[in-house]
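Colleague: Quick one: the structure is below, and I'll ask about it shortly.
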Amino acid sequence: MTEIAIDVRGLRKSYGTNEAVRGIDLEVARGECFALLGPNGAGKTTTVEILEGHRARTGGEVSVLGFDPGKGSRAFKERIGIVLQETGVERFLTVTETIELFRGFYPHPRPLDEVIEVVGLQEKRDSPVRKLSGGQHRRLDVAIGLAGDPDLLFLDEPTTGFDPGARRSAWKMIENLKSLGKTVFLTTHYMDEAQRLADRVAIIAEGLIVTEGTPETLISRDSATTNISFTVADPTSLPDRLGARAVVNEHRVTLESEAPVDDLFDLTSWAKQAGVEVSDLQVTRRTLEDIYLELTQQKDAGSE
Amino acid sequence: MNDVAQLFRQVRYNNKAFWRNPASAFFTFAFPIMFLVIFNGIFGQSQFFVPAIAAFSIITACYTNIAITVVFLREQGVLKRVRGTPISSVSYLVGRIIHSVLMAYLLVAIVSVFGAVFYKVDLPTHTMVPFLVTIAVAGASFCSMGLAMTALVPNEDAAPPIVNALIIPLAFVSDIFVPTDQIPGWLEKVADFFPLKHIAVAMGTAFNPPPGSSGWEPGHLLIVVIWGVAALLLSIKFFRWEPRR
Numbered sequence: 063m064t065e066i067a068i069d070v071r072g073l074r075k076s077y078g079t080n081e082a083v084r085g086i087d088l089e090v091a092r093g094e095c096f097a098l099l100g101p102n103g104a105g106k107t108t109t110v111e112i113l114e115g116h117r118a119r120t121g122g123e124v125s126v127l128g129f130d131p132g133k134g135s136r137a138f139k140e141r142i143g144i145v146l147q148e149t150g151v152e153r154f155l156t157v158t159e160t161i162e163l164f165r166g167f168y169p170h171p172r173p174l175d176e177v178i179e180v181v182g183l184q185e186k187r188d189s190p191v192r193k194l195s196g197g198q199h200r201r202l203d204v205a206i207g208l209a210g211d212p213d214l215l216f217l218d219e220p221t222t223g224f225d226p227g228a229r230r231s232a233w234k235m236i237e238n239l240k241s242l243g244k245t246v247f248l249t250t251h252y253m254d255e256a257q258r259l260a261d262r263v264a265i266i267a268e269g270l271i272v273t274e275g276t277p278e279t280l281i282s283r284d285s286a287t288t289n290i291s292f293t294v295a296d297p298t299s300l301p302d303r304l305g306a307r308a309v310v311n312e313h314r315v316t317l318e319s320e321a322p323v324d325d326l327f328d329l330t331s332w333a334k335q336a337g338v339e340v341s342d343l344q345v346t347r348r349t350l351e352d353i354y355l356e357l358t359q360q361k362d363a364g365s366e
Numbered sequence: 374m375n376d377v378a379q380l381f382r383q384v385r386y387n388n389k390a391f392w393r394n395p396a397s398a399f400f401t402f403a404f405p406i407m408f409l410v411i412f413n414g415i416f417g418q419s420q421f422f423v424p425a426i427a428a429f430s431i432i433t434a435c436y437t438n439i440a441i442t443v444v445f446l447r448e449q450g451v452l453k454r455v456r457g458t459p460i461s462s463v464s465y466l467v468g469r470i471i472h473s474v475l476m477a478y479l480l481v482a483i484v485s486v487f488g489a490v491f492y493k494v495d496l497p498t499h500t501m502v503p504f505l506v507t508i509a510v511a512g513a514s515f516c517s518m519g520l521a522m523t524a525l526v527p528n529e530d531a532a533p534p535i536v537n538a539l540i541i542p543l544a545f546v547s548d549i550f551v552p553t554d555q556i557p558g559w560l561e562k563v564a565d566f567f568p569l570k571h572i573a574v575a576m577g578t579a580f581n582p583p584p585g586s587s588g589w590e591p592g593h594l595l596i597v598v599i600w601g602v603a604a605l606l607l608s609i610k611f612f613r614w615e616p617r618r
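Residue numbers (the working numbering), protein chains in the order written: chain A, 63 to 366; chain B, 374 to 618.
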């Protein structure tokens, strides 16, 4: 049994003359939660649909659980679970009936009650599907993905359109999946989601992987890892050492800092000496979102 | 689970979902009876209209129902989802077809019993075998035409008008809504080309066998089957499992 769940080499996909995926490599270990991040239209969904076997690739090597998903074999489909964006189910069946229907498609399904519990739909088990809320519907989608007790679960933008409460509970649910030992392949355009859930992240922009690693390494790889921001009456009066790097928006100043202790010392000693009031001082760690925006914007700028 | 058991399971779930959709279940069953009452009220030929409307109800249960339901399932992403599971796509669609043919039998039974009770028509007790076989052959063929139609329908809103726009006018010229002696020759020629008239004739003969007839219409059934097979080939080539983007 291989330890690698997904192995992708030089994957390409063109639609006519438009190259949606332009040669990407990915490797996902068993039991890992891997997130593919990127803006809309970056090639995320195309990539995940090729891995699921929904779409044929134009070029490259793809191995998922040792299978070529392009062949669409039954043995392959028995071992994966797919949660697509915006897919329906029969609206007139109940939650239990729907999960039962899909369980019947698999040789070794996961017990019904367990599936319902993992996604937290115990209260709604006898409700017809058409009466579920958006968040509950998404839970049912995940339940259907889990029905066959897959080794690998694809989650394509699982929380898009959720309110903050629903997102938190969806995250709990995905963490439950990780604790079941499933390999999870997640696509999302929410950075906080990837940072919270993923063991490893790859960022895709315009059909290419621009960076890859654990959320931690992606953040710390960048030398400037801390943001310092504050408000002063006259930002031009800042000492040069700080002023040269400052990004100013009216009275609000933001600094990307490689040495936050030194910078804060400079800032506070200057303010004390000059008698300047520095308010709303914030020192924050750079988030994956900062890195993401930087990388995807560089990409945009580079292509122009 | 073996394939046959899987198929029965599919049919059972299709059946559950069908009956829980009150609008769809009501119209599938109410329409043929309504047409029977109206046209028989106008023309007063119940022995002709009962098998004619029975033929029409096969078309409703199979062609219309399959075309509209499958387009809906495709646009909602249900087909795509099913395709990501181990069940074979063919078995999934065959499950739908079997359910539709069973609904066709139920509808024909309702129309026939309605005719026997309210219009005192004679039921085809001596030609039961050709009657039942004709329903199955017509049902399967019209399901196949329904599947082929889905390729022409861009989305679920367009499904009912497009699907009905072909069938209702043809029903008027194909010995279904209007007896044939009332129809001009050129229209009859148009009707001869399409499968509706042939199924109406086959059902008519099976229901009211003329003296000396066994109740079979192999020539007419063959034309229906040819349409069914042609539609099946078109479906294999053009059927879509996902909404168009």
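Each residue gets a CB set at the ideal place from its N, CA and C atoms; glycine is no exception. Please read all numbers here as calculations on a predicted model, not as lab measurements.
Taking its Cβ as the centre, do 16 or more other Cβ atoms sit within 10 Å of B:Pro542, making it buried, or is it exposed?
Modeller: B:Pro542 should be labelled exposed.
Colleague: What are the start and end residues of the alpha helix (DSSP H) that includes B:Ala532?
Modeller: Taken as a continuous stretch (DSSP letters only), the alpha helix (DSSP H) holding B:Ala532 covers Ala532 to Val546.
Colleague: Any beta carbon of chain B sitting closer than 9 Å to that of A:Phe96?
Modeller: Not an interface residue.
Colleague: Using 10 angstroms around the beta-carbon of B:Asn413, count the other beta-carbons present and answer buried if the total reaches 16, otherwise exposed.
Modeller: By the neighbour-count rule (16 or more Cβ atoms within 10 Å), B:Asn413 is buried.
Colleague: For the candidate residues A:Leu215, A:Arg303 and A:Leu242, whose alpha-carbon lies nearest to that of A:Thr249?
Modeller: Comparing Cα positions, the closest option is A:Leu215.
Colleague: Across which residues does DSSP place A:Cys95 in a beta bridge pair?
Modeller: For A:Cys95, which the question treats as bridged, DSSP gives the partners A:Val246.
Colleague: Could you say which of B:Phe381, B:Thr437 and B:Ala390 lies nearest to B:Ser517 if we only look at CA atoms?
Modeller: Here the closest residue by C-alpha is B:Thr437.
Colleague: In chain A, what lies closer than 9 Å to B:Lys389 by C-beta?
Modeller: Neighbours of B:Lys389 on chain A, chain order: Glu152, Phe154, Leu155 and Glu159.
Colleague: Thinking just about the alpha-carbon of each residue, which of B:Pro459, B:Met476 and B:Ala440 is nearest to the one in B:Asn388?
Modeller: Here the closest residue by C-alpha is B:Met476.
Colleague: Could you confirm whether any beta carbon from chain B is found closer than 9 Å to the beta carbon of A:Gly78?
Modeller: No, because no Cβ of chain B sits closer than 9 Å to the Cβ of A:Gly78.
Colleague: What separation, rounded to the nearest whole angstrom, lies between the Cα atoms of A:Ser195 and A:Glu148?
Modeller: Each residue's alpha carbon lies about 14 Å from the other.
Colleague: Do we get a CB-CB distance below 9 Å when we pair B:Asn394 with the residues of chain A?
Modeller: Judged by the 9 Å Cβ criterion, B:Asn394 is in contact with chain A.
Colleague: Under DSSP, the beta strand (DSSP E) around A:Asp218 begins and ends at which residues?
Modeller: Note, A:Asp218: beta strand (DSSP E), Leu214 to Asp218.
Colleague: Specify whether the region 206–220 of chain A and the region 234–252 of chain A touch according to this definition: at least 3 beta carbon pairs, one from each stretch, less than 8 Å apart.
Modeller: Touching, per the Cβ criterion.
Colleague: Locate the beta strand (DSSP E) running through A:Gly269, then write down its first and last residues.
Modeller: Looking at the DSSP string, A:Gly269 is not in any beta strand (DSSP E), and its letter there is neither H nor E.
Colleague: Considering just the uninterrupted stretch of the alpha helix (DSSP H) at B:Ile572, what are its terminal residues?
Modeller: Where B:Ile572 is concerned, the enclosing alpha helix (DSSP H) stretches over Pro568 to Phe580.
Colleague: Chain A partners of B:Tyr386, CB-CB under 8 Å?
Modeller: Those within 8 Å of B:Tyr386 in chain A are Glu152, Leu155, Glu159 and Leu163.
Colleague: At the level of alpha carbons, what is the spacing between A:Thr316 and A:Ser291?
Modeller: Rounded to whole angstroms, A:Thr316 to A:Ser291 spans 4 Å at the Cα level.
Colleague: Give a yes or no on whether the minimum CB-CB distance between A:Leu146 and chain B is below 9 Å.
Modeller: Interface residue, yes.
Colleague: Look at the alpha carbon of A:Glu81 and the alpha carbon of B:Val443, and state the distance between them as a whole number of angstroms.
Modeller: The straight-line gap from Cα to Cα measures roughly 32 Å.
Colleague: In the DSSP assignment, find the beta strand (DSSP E) that holds A:Val377 and state where it starts and stops.
Modeller: Residue 377 of chain A cannot be examined here, being either before or after the span of chain A that is shown, 63 to 366.
Colleague: From the DSSP output, in three-state form, read off A:Tyr77 for me.
Modeller: Reduced to three states, the DSSP call for A:Tyr77 is strand.
Colleague: When you compare only the Cα positions, how much space is there between A:Phe138 and A:Ser125?
Modeller: Cα to Cα, the separation comes out at about 11 Å.
Colleague: Hey, is B:Pro459's beta-carbon within less than 9 Å of any beta-carbon in chain A?
Modeller: So yes, B:Pro459 belongs to the interface.
Colleague: List the endpoints of the continuous alpha helix (DSSP H) containing A:Gly44.
Modeller: Beyond the ends of chain A as shown, which are 63 and 366, falls residue 44 of chain A; an answer cannot be given.
Colleague: At 7 Å on the CB atoms, spell out the chain B contacts of A:Asp133, in chain order.
Modeller: It should be pointed out that residue 133 of chain A corresponds to Lys in this sequence rather than to Asp. None at all; the shortest Cβ gap to chain B is about 13 Å.
Colleague: Output, in sequence order along the chain, the residues in the region 428–443 of chain B whose CB is closer than 9 Å to any CB in chain A.
Modeller: Within the region 428–443 of chain B, no residue has a Cβ that lies closer than 9 Å to any Cβ of chain A.
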